[in-house]
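Engineer: Quick mapping for you: the protein sequence lines, in order, are chains B and P. All residue numbers for the first sequence refer to the working numbering, where the first residue is 1 and numbers rise by one. All residue numbers for the second sequence refer to the working numbering, where the first residue is 1001 and numbers rise by one. I'd like to ask some things about the structure below.
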Amino acid sequence: MSQPLIDYCIAQGDDALIFGQRMTEWCYSAPFLEEDLALANVALDLIGRAQMFYQYAAELADDGRSADDIAFLRDARSYTNLLINELPRGDFGFSMARFLLVDTFNVLYLEQLVDSSDARVAAIAAKAIKESRYHLRRSRDWVVRLGDGTQESHQRMQQGLDEVWGYHKELFIVTDGERELIASGIAVDREALYNGWSEQIDAVLAEATLQRPEDGWKVVGGRDGIHTEHLGHMLSEMQYLQRSYPGVEW
Amino acid sequence: MTQFKLNEQQLEAAFQARVDAEQKIEPKDWMPETYRKNLIRQMSQHAHSEVIGMQPEGNWISRAPTLRRKMVLLAKVQDEGGHALYLYSATETLGVTRDELIEALHDGRAKYASIFNYPSLSWADIGAIGWLVDGAAIVNQITLQRTSYGPYARSMVRICKEESFHQRQGYESLIVLANGSPEQKAMAQDALNRWWWPALMMFGPHDAESAHSAQSMKWKIKRKSNDELRQAFIDQTMPQIEFLGLTVPDPDMKWNEQRGSYDHGELDWDEFQRVINGDGPCNRDRIEHHKKAHAEGEWVRDALRAYESKKRQRLAA
């Protein structure tokens, strides 16, 4: 049971870290100062979440690796985050579309994960659900305001949604290791969340006067370490100090 | 007309009496137009400094060496943005909008702390900025907690608390480097070498050459002179440099037993002027980045206004 749980925690950590790292790119580049602060907050939540999952993985693995080793000393092929988290920042519309898809999923997922049979996972979820509810309130508001704002914002919001749409399928794919954890009540069946997710997204898009994109394309592979080319660049930047000066304290 | 002038003089005398009595001036109180202008200049410069200061530090968020350091740095940069928000809001109480202030920043009428025109080149710079730049800012801002304009004084109280937290974090990260590998120690020394003099320049020119000092002191917008503050900063920082085992990049630095204070070498005022006037390593980048982000966000701000106005119309219908 231990290895699937370690892999699971690392995957959850990777999702949070990669998304958080990407969103830090807004921290002094947002449309106005209040958004700089809000987006930094969200990124902080996500990176903190990653640290909690990695920390637990490190303790379970007990192989001398720390949470930081897990974050900073693996290459792209060993990262198992879903692709939607690593895509480039894009414009504000794209970012908000991505947030809406991920936040809606996260709230549904974490609402069940708080009842995980693993006490530590449940505790992390209990903290994360509060944050994700706040994230979702933000992304929902933004998608509605941009969708129903000006002609330009409507167009950009629709375009952002169209561009990110094909990456949502991966949110609902259960891995073999995850299946074992679902059976033992540790993890949540993500596949079963699809209908609820879909309904919620439809409701927001309707209010935002946006069209739900066609389901004609999808890209998957993150959990198997088959990433877009963007991840390697992000990691080489993120890991630069740890790689250049191995084995020292910071 | 004569009557009016007399009134103005009386108002000004009453105003100065209140300032002298250490009473706070509040937004709706009468104040001399030059006091208002002077405050707008100083407070908006302060707000812009917080905003522009997000750039050299934000420059290392993506490369911070551990998860903890990344979160601490991100939170710090976020705090600086928060300081800018209080300061912009406090400045707005003087009858100017944030849009106008940003416009003045973009067209060069408003300044920001010149130190942020220097680049953050290594991880040690993040520690040095927290320790020295925030440290110098605190020395200045502690006195501003008693500044005569109420909203400014109150925003300083909160800002000072956060800045001293940042300063400790910056220093703590340098302690790790200074006690680390030879490369890390060299990184820390190099950061000190590059940030030391610009940090001293943060206090501004010598008292005799300071353009706004005398009037600002009279109005208690400023509470201590540039040279006094600079000396206080040096005296508090020298023992910290020694504790790190680093060397201050000033061969003339020497403890003066008689004064109970350090004597230091002269600052390079040509460099000071050069960087203030636009020829620092990053002046152009800083403003260009701010302009670019602001321009790229215009459609979002427009959408927000359009949505709010639609919402109001729907409610009214």
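For glycine and all other residues, C-beta sits at the position ideal for the given N, C-alpha and C.
#1: Where do the ends of the alpha helix (DSSP H) carrying W165(B) lie?
#2: Which one or two residues does DSSP pair with N1256(P) in a beta bridge?
#3: Can you tell me the Cα-Cα spacing of Q239(B) and A43(B), whole angstroms?
#4: Given Q242(B), which residues of its chain have a CB within under 7 Å of its CB, disregarding the five upstream and five downstream residues?
#5: Determine which residues share a DSSP beta bridge with I1025(P) and list them.
#6: To test your reading of the DSSP string, which unbroken alpha helix (DSSP H) runs of 4 or more residues are found completely within the segment 1030 to 1076 of chain P?
#7: To the nearest angstrom, how far is it from the Cα of S29(B) to the Cα of S1309(P)?
#8: With three or more C-beta pairs closer than 8 Å as the rule, is the segment 1052 to 1072 of chain P touching the segment 7 to 15 of chain B?
#9: Alpha carbon to alpha carbon, how far is C1160(P) from K1220(P)? Give it in angstroms, no decimals.
#10: Please state whether DSSP places W1196(P) in a helix, a strand or coil.
#11: Could you tell me the boundaries of the alpha helix (DSSP H) in which Y1307(P) lies?
#12: Using a Cβ cut-off of 8 Å, which residues of the segment 1024 to 1054 of chain P contact any Cβ in chain B, in chain order?
#13: Beta-carbon of G1127(P) versus every beta-carbon of chain A: anything under 7 Å?
#14: Name the residue from L1315(P), F1233(P), K1070(P) whose alpha carbon lies nearest to the alpha carbon of D1134(P).
#15: Should V204(B) and V143(B) be called a contact, given that it needs their Cβ atoms to be closer than 7 Å?
#16: For Y56(B) and G225(B), I'd like the C-alpha separation in whole angstroms.
#17: With distance defined between alpha-carbon atoms, name the residue in Y1149(P), K1070(P), I1115(P) nearest to Q1023(P).
#18: Can you find a C-beta in chain B that's less than 7 Å from the C-beta of W1299(P)?
#19: Pull up the distance between the alpha-carbon of A166(B) and that of N85(B), whole angstroms please.
#20: Please compile the residues from chain P whose C-beta is within a distance smaller than 8 Å of the C-beta of L37(B).
#21: What in chain P is Cβ-close to M238(B), meaning under 8 Å?
#22: Give me the chain B residues within the contact set of V1176(P), using Cβ-Cβ distance strictly less than 7 Å, ordered along the chain.
#23: Does the beta-carbon of R179(B) have 16 or more other beta-carbons within 10 angstroms, so that it is buried, or is it exposed?
#24: Can you name the residues of chain P whose CB is closer than 8 Å to the CB of N41(B)?
#25: Of all Cβ atoms in chain B, is any one closer than 7 Å to the Cβ of G1058(P)?
#26: Taking T150(B) as the query, report the chain P residues whose CB atoms sit under 8 Å from its CB, ordered along the chain.
#27: Work out the CA separation of S1216(P) and W1030(P) for me, nearest whole Å.
#28: Count the other CB atoms, across all protein chains shown, that sit within 10 Å of the CB of D45(B); report buried if there are 16 or more and exposed otherwise.
#29: Using a Cβ-Cβ cut-off of less than 8 Å, give me the residues of the segment 1201 to 1234 of chain P that come near chain B, in sequence order.
#30: Taking all protein chains shown into account, do 16 or more other C-beta atoms lie within 10 angstroms of the C-beta of Q1231(P), making it buried, or fewer, making it exposed?
#31: Just to confirm, are Y109(B) and V188(B) a CB contact at a threshold of 7 Å?
#32: Classify S244(B) as buried or exposed, calling it buried when 16 or more other Cβ atoms lie within 10 Å of its own Cβ.
#33: Cutting at 8 Å between CB atoms, please list the residues of its own chain near E1307(P), excluding the five before and the five after it.
Structural biologist: The relevant details are as follows:
#1: 151 to 165
#2: According to DSSP, N1256(P) bridges with S1261(P).
#3: 18 Å
#4: F72, L73
#5: Y1149(P)
#6: 1033 to 1058
#7: If I take the Cα positions, the gap works out to 26 Å.
#8: no
#9: Looking at the two C-alpha atoms, the distance is approximately 18 Å.
#10: helix
#11: 1298 to 1316
#12: V1051, M1054
#13: Although the question refers to chain A, the structure presented lacks it and instead comprises the protein chains B and P.
#14: For the residues L1315(P), F1233(P), K1070(P), the minimum Cα distance to D1134(P) belongs to F1233(P).
#15: Going by beta carbons, V204(B) and V143(B) fall inside the 7 Å limit.
#16: Roughly 21 Å between the two C-alpha positions.
#17: Minimum Cα distance to Q1023(P) is reached at Y1149(P).
#18: yes
#19: Before going on, a small fix: residue 166(B) reads as Gly here, not Ala. Each residue's Cα considered, the two are about 13 Å apart.
#20: Q1078, G1081, G1082, L1085
#21: S1062, R1063
#22: E249, W250
#23: Counting the other CB atoms within 10 Å of its CB gives R179(B) a total below 16, which places it among the exposed residues.
#24: Q1078
#25: Chain B contact via Cβ: present.
#26: W1299, D1302, A1303, A1306
#27: 17 Å
#28: buried
#29: none
#30: A residue is called buried once 16 or more other Cβ atoms fall within 10 Å of its Cβ, and Q1231(P) is buried on that count.
#31: yes
#32: exposed
#33: Looking at the sequence provided, one finds Tyr at residue 1307(P) rather than Glu. Once the five neighbours on either side are set aside, Y1307(P) has no close Cβ partner at all.
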